[in-house]
Amino acid sequence: MEKRLGRGLGTLLGGSASEASGAERLPVDAIRPNPHQPRRVFDRAALEELTQSILRHGVLQPIVVRPLGTGYELIAGERRLRASIAAGQTSIPALVRKDVTDQQLLELALVENVQRQDLDPIEKARGYRQLCEQLSLSQDRVAEMVGLRRATVANHIRLLELPEVAQQAVQDGSLTMGHARALLGLADPDRIVNMVGRIIREGLSVREVEAMVRASTRPAPNPRPDQVLGVAPWIRDLEQRMSEHLGTRVSIQNVPGYRGQIVIDYYQRSDLDRLIEKLAPRSTV
510 MEKRLGRGLG TLLGGSASEA SGAERLPVDA IRPNPHQPRR VFDRAALEEL
560 TQSILRHGVL QPIVVRPLGT GYELIAGERR LRASIAAGQT SIPALVRKDV
610 TDQQLLELAL VENVQRQDLD PIEKARGYRQ LCEQLSLSQD RVAEMVGLRR
660 ATVANHIRLL ELPEVAQQAV QDGSLTMGHA RALLGLADPD RIVNMVGRII
710 REGLSVREVE AMVRASTRPA PNPRPDQVLG VAPWIRDLEQ RMSEHLGTRV
760 SIQNVPGYRG QIVIDYYQRS DLDRLIEKLA PRSTV
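The opening position of the sequence shown corresponds to residue 510 in the numbering used here, with each subsequent residue numbered one higher.
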């Protein structure tokens, strides 16, 4: 555990030699999964590795359950339970906790998972949000429980504002959390989805995405008095396309006869260097 699980909950996980000695073997088909498990996707390779380990050495750490009807409900250890079933085991060592309330079950399931398992950022975000909503906790309290800064918890929860396509890209590793945080600067879901496609196709870095988002959200300067107020839709469309491609604001000043100029903004030396590489890359010949 990184820090604490909430008052009294840390002892429920067991793990010490004395606690493990109090484990009993329970039939795997008598154990119901934890309904509050935040993990939705279990890594197949990691699960297979654990399955092989159980075949060779058995389950080294008991799972934790509580009585439920004529069977039991899992508190912690779903990966061990799944791997044991995959290994053909009919029973598993378990610590039975009889005094665990529904509130404690939810808190332990969420906190144990977001601390102990390799959840992806979206799964962690869902776990943090569940802690806030189902236990009526503040983000400060959740951060304290899982041993993180409040900003880290808040940044994760904000990822759930992204369209499902973007969330899925984070889960499958196509986008990093840095990419996802940058995309939050775009209010339009359709633009976010389009940007996700570009990031994946072109291998855009987090810095490039941040620059593109800044460019697309930066307000345009006030037009000069001598500029025509009405701008043709094709010009606005082309400005938008070029802005997104170059990652900075682009303005097109066109006069009859298709004469004029294209103005590309940059704000620091790194911006200028990046634009030069895009517009006039050095020859590699």
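For each residue, glycine too, the CB sits at the ideal point set by N, CA and C. Every value quoted in this text rests on a predicted model; they were computed, and no experiment measured them.
Can you check which of these residues, 771, 766, 582, is closest to residue 751 by C-alpha distance?
The shortest C-alpha to C-alpha distance from residue 751 to any of 771, 766, 582 is the one to 771.
Are there 16 or more other CB atoms within 10 angstroms of the CB of residue 540, so buried, or fewer, so exposed?
Classification of residue 540: buried, given that the 10 Å Cβ count is 16 or more.
Entirely within the segment 699-786 and at least 4 residues each: give me those alpha helix (DSSP H) ranges in chain order.
715-726, 742-755
Within 9 angstroms, strictly: CB atoms of residue 718 and residue 692
yes
Classify residue 767: buried if its beta carbon has 16 or more other beta carbons within 10 angstroms, exposed otherwise.
exposed
My assumption, with CB atoms under 8 angstroms, is that residue 705 sits in contact with residue 675. Please give the rounded CB distance.
5 angstroms
Integer-rounded CB distance, given that residue 758 should sit under 8 angstroms from residue 724:
5 angstroms
With burial defined as no fewer than 16 other Cβ atoms inside 10 Å of the residue's Cβ, what is the status of residue 720: buried or exposed?
buried
Here's the rule I'm using: 16 or more other beta-carbon atoms within 10 Å means buried, otherwise exposed. How should residue 580 be labelled?
exposed
Contact between the segment 559-574 and the segment 595-612 (3+ Cβ pairs under 8 angstroms):
Counting Cβ pairs under 8 angstroms, three or more are found: they touch.
For the beta strand (DSSP E) that contains residue 562, what are its first and last residues?
Residue 562 -> not in any beta strand (DSSP E); alpha helix (DSSP H) instead, spanning 553-566.
Kindly indicate which three-state DSSP category residue 535 falls into: helix, strand or coil?
strand
Could I get the ranges of all uninterrupted alpha helix (DSSP H) runs contained in the segment 566-622, with 4 residues as the minimum, in chain order?
Entirely contained in the segment 566-622, the alpha helix (DSSP H) runs reaching 4 residues are, in chain order, 587-595.
Pick out whichever of 532, 543, 791, 658 has its Cα sitting closest to the Cα of residue 568.
532
Should residue 610 go down as buried or exposed, given a rule of 16 or more other Cβ atoms within 10 Å for buried?
So residue 610 counts as exposed.
CA-to-CA distance, residue 669 to residue 629, given in whole angstroms
Those two C-alpha atoms are separated by around 13 angstroms.
Beta carbon of residue 722 nearer than 9 angstroms to that of residue 694:
yes
Please state whether DSSP places residue 541 in a helix, a strand or coil.
strand
Grab me the residues of residue 785's own chain with a C-beta within less than 6 angstroms of its C-beta, minus the 5 sequence neighbours each way, in chain order.
none
Figure out for me which residue from 760, 590, 606, 558 has the closest Cα to the Cα of residue 538.
590
Report yes if the CB atom of residue 747 is closer than 9 angstroms to the CB atom of residue 761, and no otherwise.
yes
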